[in-house]
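Below is one structure, written out as structure tokens; the observations come after it.
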Amino acid sequence: MVKRVKSIDGFVVRPRPVSQPTKKPISKASTIGVATPRRVPNRRPVMTPEDKLLSDIEDSLSQIGDLDLADEMPAHPTRRRQRQMPDQPKLKPKRHLSKGKIIKRIVIIIIVVLLGIAGYLGVKALLASGKIFKGNPLAIFTNKTRLAEDKNGRTNILIFGTSGYSMSENAWDGAMLTDSIMLVSIDQDKNNAYMISLPRDLYVKYKCPALGRTSGKLNEVFYCAYTKNKDEKAGAQALMGKVSEILGLNVHYYMHADWTALVQSVNAVGGVDVKIESTDRRGIYDSGTKLRFANGEIAHLDGEKALALARARNHNPGDYGLAGSNYDREKNQQKILAALQQKALAVGTILNPTSVNGLINSMGDNLISSFDTSHVQTLIGVASKLKLAEIKQLPFVGRQDGGEDLIQSYSSGGAYVGEVPVAGVFDYSVIQAYIAKNLSKNPVVREGAVIDVLNGSGQEGLAAGKAAGLKTDGYTVGVVSNAPALATPAVTIYQLNSAMVKTAEALKHKYNVEPVQGGLAGYHTKSDFVIVYGAGSATTGSR
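Basically this note's numbering = 1-based index in the sequence shown + 9.
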């Protein structure tokens with residue numbers, strides 16, 4: 010009897026021949042030619058640690074979503090595999106992913122996540138646009154409407170800021186006073202822009218039952234028409250009308266920003282850097298906002314400090330560094346906006362979902378405008394080609410062209426009332442001429458030559474009528490008076506400034522008269538031209 014050898018740890022020890030091969034037994038006749046099948050025990054393939062790791066990664070990735078890998082795997086096991094595992098069911102074998110395929114799957118997952126974030130931010134931006142702009146939010150993607158323009162091909166946008174929209178929840182007095190008032194004039198085709206800051210203390214006429222008076226500071230106009238949080242649009246339109254009256258421009262749109270928008274926007278981009286520039290060597294100290302900076306310092310400002318600098322104007326004794334008060338404040342506001350635009354458009358901000366989300370929230374919650382959603386694509390196109398640092402400033406005080414200041418302080422009974430035009434209270438003619446000179450397409454207007462109009466006909470009121478006609482044509486009129494002596498010619502033009510070529514050509518064409526180089530005898534002036542209307546003009550009606 011042959012003793013059966015027991016298996017050890019799953020392996021069966023088979024007897025091996027020592028020297029002679031074992032003779033095969035002779036089969037019976039009934040079984041000759043019939044082969045007895047040989048049973049092969051089932052074996053599990055041994056997995057290496059590397060195989061186990063790859064298998065775990067593959068199982069984890071498969072939970073996110075199966076990818077069709079049928080074209081990457083053989084349809085059937087190899088013949089060798091079939092011989093090794095004849096009793097295994099014929100299943101589609103699992104193939105381990107290569108390192109490259111694992112990376113490919115991970116990249117796909119990252120793309121899906123990024124698309125999800127982008128979709129979320131896109132939806133938030135769409136919802137926020139419904140608060141900022143009028144009309145259907147979907148029109149942002151489907152419509153592109155050109156902005157309204159004036160006769161010079163410019164679009165004028167009023168931007169003003171208040172400390173809050175709800176007058177019932179004021180954080181401090183004057184929550185609805187417009188402490189920041191700017192007009193931005195853009196050319197959609199030439200992609201240039203001008204910025205005009207209007208003094209908040211400019212003395213103007215208005216109707217204000219709430220304050221019980223008919224005149225006061227420009228920053229009160231919105232408040233007077235706003236009326237206890239009932240009509241934001243009425244307040245904005247009242248301010249647009251007054252700014253239009255002052256500048257002599259059509260104001261097409263407005264943007265009303267709560268100061269919270271500035272705070273949240275600056276914080277969303279991680280703060281902004283602004284260079285501190287002061288006429289005081291010590292720098293800036295403002296007790297009202299608790300700010301103190303060294304002169305020339307590059308200050309990193311968070312939202313709260315940016316707001317403080319935007320509001321600082323050295324109103325109290327002991328303050329220094331902002332001698333221009335409101336004018337210095339306006340300059341700092343423009344610096345902050347330029348720094349914010351630069352930071353917001355930086356690659357690091359655009360690729361940071363948290364920053365983008367913060368910017369969307371700050372705009373959606375704290376900004377109202379009169380733009381339609383169909384204007385958004387046009388605005389984006391113009392804004393992408395403009396840099397705030399390159400926008401030309403048109404200040405009323407400290408003009409870049411070296412001209413005289415356009416406004417001055419006004420007091421009554423020893424008390425400060427506000428700022429008024431140098432031409433006189435409520436007289437904005439000099440301001441309008443300054444603005445027109447810079448924004449007009451008319452070469453005569455841009456040249457800005459000053460013309461004195463003199464009556465040499467002896468007919469009363471002739472000079473005033475001629476001056477009005479010149480103003481209508483865009484000329485800048487200086488003195489309107491009588492000539493030192495009567496003149497016979499209908500029109501005589503004296504050119505005192507040879508640099509005013511465009512105006513000289515226009516006047517020559519207008520009156521068909523060649524300008525005389527030099528001044529009029531017996532008449533002294535600093536103007537560029539003198540026009541004398543003689544006796545002939547009274548009968549010909551030359552304008």
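Virtual Cβ for every residue (Gly too), placed ideally from N, Cα, C.
Treat the numbers as computed from the prediction; the structure is a model and nothing was measured.
### Message
Could you compute how far the alpha carbon of ALA348 sits from the alpha carbon of ASN259?
### Response
To locate residue 348, count along the sequence shown from 1; it is residue 339. To locate residue 259, count along the sequence shown from 1; it is residue 250. Answer to the nearest angstrom: the Cα atoms are 29 Å apart.
### Query
Are the CB atoms of ILE460 and VAL486 nearer to each other than 8 Å?
Taking the first residue of the sequence shown as position 1, residue 460 is located at position 451. Taking the first residue of the sequence shown as position 1, residue 486 is located at position 477. Yes, the Cβ-Cβ distance between ILE460 and VAL486 is below 8 Å.
#### Entry: Test item: CB-CB of THR501 and PHE538 under 8 Å
In the sequence shown, the residue the question calls residue 501 occupies position 492. In the sequence shown, the residue the question calls residue 538 occupies position 529. Contact flag unset, no.
### Message
Considering Cα atoms alone, identify which of LYS226, VAL385, THR481, ALA303 is closest to ARG155.
### Response
Here residue 155 refers to the residue found at position 146 of the sequence shown. The option with the nearest alpha carbon to ARG155 is VAL385.
### Message
Using C-beta distances below 8 Å, list every residue in its chain close to THR31, excluding the 5 sequence neighbours before and after it, in chain order.
### Response
Counted from its first residue, the sequence shown places residue 31 at position 22. Because the pLDDT of THR31 is 49, which lies under 50, any placement of that residue in the model is unreliable, and the question is left without a value.
### Task
Figure out for me which residue from TYR215, SER378, ALA499, SER189 has the closest Cα to the Cα of LEU207.
Start at 1 with the first residue of the sequence shown, and residue 207 comes out as number 198. Looking at TYR215, SER378, ALA499, SER189, the one whose alpha-carbon comes closest to that of LEU207 is SER189.
### Message
Just to confirm the assignment: which complete beta strand (DSSP E) runs, minimum length 3, are found wholly within the segment 247 to 305?
### Response
Those beta strand (DSSP E) runs which fall completely within the segment 247 to 305 and span 3+ residues are 262 to 267, 281 to 284, 293 to 295, 300 to 302.
### Message
So, with DSSP's three-state summary, where would you put PRO404?
### Response
Against the sequence shown, residue 404 aligns to sequence position 395. If DSSP states are grouped into helix, strand and coil, PRO404 belongs with coil.
### Task
Compare the Cα-Cα distances from ALA445 to each of TYR532, ILE255, ASP267, ASN464 and report the closest residue.
Taking the first residue of the sequence shown as position 1, residue 445 is located at position 436. Of the candidates TYR532, ILE255, ASP267, ASN464, the one whose C-alpha sits nearest the C-alpha of ALA445 is ILE255.
### Message
In whole angstroms, give me the CA-to-CA distance for GLY162 and TYR484.
### Response
Counted from its first residue, the sequence shown places residue 162 at position 153. Counted from its first residue, the sequence shown places residue 484 at position 475. Whole-angstrom Cα-Cα distance: 19 Å.
### Message
Please identify the residue among TYR532, ASP210, SER393, GLY531 whose C-alpha is closest to the C-alpha of TYR425.
### Response
Along the sequence shown, read from residue 1 onward, the residue named residue 425 stands at position 416. The residue with the shortest Cα to Cα distance from TYR425 is ASP210.
### Query
Taking the alpha-carbon positions, what's the ASN179 to GLU456 distance?
Residue 179 sits at position 170 when you count from the first residue of the sequence shown. Residue 456 sits at position 447 when you count from the first residue of the sequence shown. With a pLDDT of only 42 at ASN179, under 50, the local geometry of the prediction cannot be trusted, and the value read off the model is given with reservation. Their backbone Cα atoms lie some 48 Å apart in a straight line.
### Message
So, with DSSP's three-state summary, where would you put ARG155?
### Response
Indexing the sequence shown from 1 puts residue 155 at position 146. ARG155: coil per DSSP, three-state reduction.
### Query
Buried or exposed: which applies to ALA476, given that a residue is buried once 16 or more other Cβ atoms fall within 10 Å of its Cβ?
Working through the sequence shown from its first residue, we reach residue 476 at position 467. So ALA476 counts as buried.
### Query
In terms of residue numbering, what span does the alpha helix (DSSP H) encompassing GLU313 cover?
Position 304 of the sequence shown, counted from the start, is the residue given in the question as residue 313. Unbroken alpha helix (DSSP H) run through GLU313: 312 to 320.
### Task
Could you tell me the distance, in whole angstroms, from the CA atom of ASP436 to the CA atom of TYR212?
Residue 436 sits at position 427 when you count from the first residue of the sequence shown. Residue 212 sits at position 203 when you count from the first residue of the sequence shown. Across the structure, ASP436 and TYR212 are spaced so that their CA atoms are roughly 11 Å apart.
#### Entry: Beta-bridge pairing of CYS217 - partner residues as DSSP gives them
For the purposes of this step, residue 217 is taken as the residue at position 208 of the sequence shown. CYS217 is bridged to ARG222.
### Message
If you measure between the beta carbons of LEU271 and ALA315, is that distance less than 8 Å?
### Response
By one-based count along the sequence shown, residue 271 stands at place 262. By one-based count along the sequence shown, residue 315 stands at place 306. Contact: yes.
### Query
Do you know offhand how far LEU529's Cα is from GLN441's?
Sequence index remark: in the sequence shown, residue 529 carries index 520 (1-based). Sequence index remark: in the sequence shown, residue 441 carries index 432 (1-based). If you draw a straight line from the Cα of LEU529 to the Cα of GLN441, it comes to about 28 Å.
### GLY545 to ASN447 span [Cα, whole Å]
Within the sequence shown, the letter at position 536 stands for residue 545. Within the sequence shown, the letter at position 438 stands for residue 447. Distance between GLY545 and ASN447, taken at the CA atoms: about 36 Å.
### Query
With TYR263 and SER172 assumed to form a contact (beta carbons below 8 Å), what rounded beta-carbon distance in angstroms separates them?
Residue mapping note: residue 263 aligns to position 254 of the sequence shown, counting from 1. Residue mapping note: residue 172 aligns to position 163 of the sequence shown, counting from 1. In this structure TYR263 does not touch SER172 by the C-beta definition: roughly 17 Å separates them, more than the 8 Å allowed.
### Message
Quick check: the Cα distance between ILE416 and ASN152, rounded to an integer number of angstroms?
### Response
Along the sequence shown, read from residue 1 onward, the residue named residue 416 stands at position 407. Along the sequence shown, read from residue 1 onward, the residue named residue 152 stands at position 143. So the two alpha carbons sit approximately 43 Å from each other.
### Query
In the DSSP assignment, what are the bridge partners of PRO326?
For the purposes of this step, residue 326 is taken as the residue at position 317 of the sequence shown. DSSP lists no bridge partner for PRO326.
### Query
Helix, strand or coil for PRO430 per DSSP?
Translated into the one-based positions of the sequence shown, residue 430 becomes position 421. In this structure, PRO430 counts as strand in the three-state DSSP scheme.
### Task
State the Cα-Cα distance for the pair GLN246 and TYR503, rounded to the nearest angstrom.
For the purposes of this step, residue 246 is taken as residue 237 along the sequence shown, with counting starting at 1. For the purposes of this step, residue 503 is taken as residue 494 along the sequence shown, with counting starting at 1. Straight-line spacing of the CA atoms in GLN246 and TYR503 works out to 45 Å.
### Message
For TYR419 and ALA508, I'd like the C-alpha separation in whole angstroms.
### Response
Residue numbering aside, residue 419 sits at position 410 when the sequence shown is read from its first letter. Residue numbering aside, residue 508 sits at position 499 when the sequence shown is read from its first letter. Whole-angstrom Cα-Cα distance: 36 Å.
### Message
Just to confirm, is the Cβ distance from LEU192 to ASN228 under 8 Å?
### Response
On the sequence shown, position 183 is the one that residue 192 refers to. On the sequence shown, position 219 is the one that residue 228 refers to. No, these two residues do not count as a Cβ contact at 8 Å.
### Query
With distances taken from CA atoms, which of ILE166, LYS160, SER194 is nearest LYS401?
To locate residue 401, count along the sequence shown from 1; it is residue 392. Looking only at ILE166, LYS160, SER194, the smallest Cα-Cα distance to LYS401 is reached by SER194.
#### Entry: Top-ranked residue by Cα proximity to GLY333, from ALA219, SER287, ALA308, GLY327
For the purposes of this step, residue 333 is taken as the residue at position 324 of the sequence shown. For GLY333, the nearest C-alpha among the options comes from SER287.
### Message
So, under 8 Å CB-CB, LEU463 and ALA472 are touching, yes? Tell me the CB distance rounded to an integer number of Å.
### Response
On the sequence shown, residue 463 is found 454 positions in, with the first residue counted as 1. On the sequence shown, residue 472 is found 463 positions in, with the first residue counted as 1. With a Cβ gap of about 6 Å, LEU463 and ALA472 count as contacting.
### Query
Counting along the chain, where does the beta strand (DSSP E) carrying PHE169 start and finish?
Locating residue 169 in the sequence shown gives position 160, where the first residue counts as 1. From DSSP, the beta strand (DSSP E) with PHE169 extends over 164 to 171.
### Task
Please classify GLY531: is it buried, with 16 or more other beta-carbons within 10 angstroms of its beta-carbon, or exposed?
Here residue 531 corresponds to residue number 522 of the sequence shown, with the count starting at 1. Burial state of GLY531 is exposed, judged by a 10 Å Cβ sphere holding fewer than 16 other Cβ atoms.
### Query
In chain order, what residues of the same chain have a beta carbon less than 7 Å from the beta carbon of GLU313, not counting five sequence neighbours either side?
For this step, residue 313 is matched to residue 304 along the sequence shown. These residues qualify, in order along the chain: VAL272.
### Task
Measure the beta-carbon distance from TYR232 to THR223 and round it to whole angstroms, keeping in mind my assumption that it falls under 8 Å.
On the sequence shown, residue 232 is found 223 positions in, with the first residue counted as 1. On the sequence shown, residue 223 is found 214 positions in, with the first residue counted as 1. At roughly 15 Å, the Cβ-Cβ gap does not stay under 8 Å, so TYR232 and THR223 are not in contact.
#### Entry: Cβ neighbours of GLY250 in the same chain (closer than 6 Å, five flanking residues each side left out)
Counting from one through the sequence shown, the residue named residue 250 turns up at place 241. If the five residues before and after GLY250 are omitted, its C-beta is found closer than 6 Å to no C-beta atom of its own chain.
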